[in-house]
Amino acid sequence: MADLITDLKEIARLSDLNWDRNVDFRTFLKCSSRWADDGKLDALVHEILAEVTAAIDCTACGNCCRELGISVEDDEIERLAGRMGVSAEEFESRHVAVDNDYGEKFMPETPCPFLGGTLCTIYEDRPSVCSEFPHLHKNDFSSRLLGVLDNCSICPIVFNVYEELKRRTGWRPRR
């Protein structure tokens with residue numbers, strides 16, 4: 185595997201600089217018969233993810249908690265409210281907004297109010313979107329590539345998995 189890049193400013197810079205190439209690679213993955221829906225792509229992503237997460241300590245970063253809003257379900261609101269010793273209604277009024285287009289509840293405050301340094305202060309009770317981030321362990325990687333592209337500039341794990349995936353698939357950018 186190539187040397188990992190973990191500097192957040194460099195990751196953001198490279199992601200911005202290479203946006204068009206990253207979109208081209210997304211198109212390659214979605215359109216290539218070699219990687220179409222037979223599990224090969226997911227297996228390769230999971231293999232790379234295991235290598236990258238063994239080398240990068242997610243809890244030493246916390247950038248996702250500084251940059252992203254958090255979607256929350258009603259049961260998660262109840263759990264977090266209980267942890268804070270307030271009613272679900274009080275928790276919602278302090279920390280939750282509703283997306284007017286989709287009706288989804290989310291915590292829009294950034295950084296996350298529960299971030300302490302680089303660590304989550306509610307780690308055991310954090311919402312599922314947080315515990316599952318960066319979502320690379322899930323199957324159907326090719327169906328989530330727009331989110332992956334967005335997260336490349338935020339998360340060192342996503343950035344390095346995507347870069348290594350380019351290398352291992354033999355993809356070459358168009359000139």
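In my numbering, the protein residues as written are 185 to 359. Beta carbons: idealized from backbone N, C-alpha and C, even for Gly.
Residue i - containing beta strand (DSSP E), residue span
{"i": "Phe209", "result": "No beta strand (DSSP E) holds Phe209; the alpha helix (DSSP H) holding it covers 203 to 215."}
{"i": "Phe275", "result": "Per DSSP, Phe275 belongs to no beta strand (DSSP E); it is in the alpha helix (DSSP H), 272 to 279."}
{"i": "Met291", "result": "289 to 291"}
Nonlocal neighbours in the same chain, by C-beta distance under 8 Å from residue i, ignoring five residues either side
{"i": "Leu225", "result": "Leu213, Trp219, Phe325, Ser326"}
{"i": "Cys242", "result": "Ile341"}
{"i": "Arg352", "result": "Leu228, Ile232"}
{"i": "His230", "result": "Leu320, His321"}
Pairwise C-alpha distance: residue j and residue i
{"i": "His319", "j": "Pro297", "result": "22 Å"}
{"i": "Gly287", "j": "Ala281", "result": "9 Å"}
{"i": "Asp222", "j": "Ala234", "result": "20 Å"}
{"i": "Asn247", "j": "Arg358", "result": "31 Å"}
{"i": "Ser217", "j": "Thr237", "result": "28 Å"}
{"i": "Arg278", "j": "Arg356", "result": "48 Å"}
{"i": "Phe317", "j": "Cys304", "result": "13 Å"}
{"i": "Asp334", "j": "Asp258", "result": "26 Å"}
{"i": "Gly360", "j": "Thr211", "result": "The question about residue 360 has no answer here: the residues shown for the chain are numbered 185 through 359."}
{"i": "Glu276", "j": "Glu293", "result": "12 Å"}
{"i": "Cys314", "j": "Phe290", "result": "12 Å"}
Own chain residues within Cβ distance below 6 Å of residue i, not counting five before or after
{"i": "Asp191", "result": "none"}
{"i": "Pro311", "result": "Ile254, Val256, Glu260"}
{"i": "Glu262", "result": "Ala272"}
Boundaries (first-last residue) of the alpha helix (DSSP H) holding residue i
{"i": "Lys224", "result": "224 to 239"}
{"i": "Cys314", "result": "312 to 315"}
{"i": "Thr353", "result": "340 to 353"}
{"i": "Asn335", "result": "329 to 336"}
Cβ-based neighbour list, residue i, same chain, cut-off 7 Å, excluding 5 preceding and 5 following
{"i": "Arg267", "result": "Ile306, Asp309"}
{"i": "Val332", "result": "Val342, Tyr346"}
{"i": "Thr302", "result": "Thr243, Ala244, Cys245, Gly246"}
DSSP beta-bridge partners of residue i
{"i": "Ser255", "result": "Phe290"}
{"i": "Val282", "result": "Lys289"}
{"i": "Gly300", "result": "Leu303"}
Original post:
Is it true that the stretch 193 to 201 meets the stretch 336 to 348, where meeting means three or more beta-carbon pairs spaced less than 8 Å apart?
Top reply: yes
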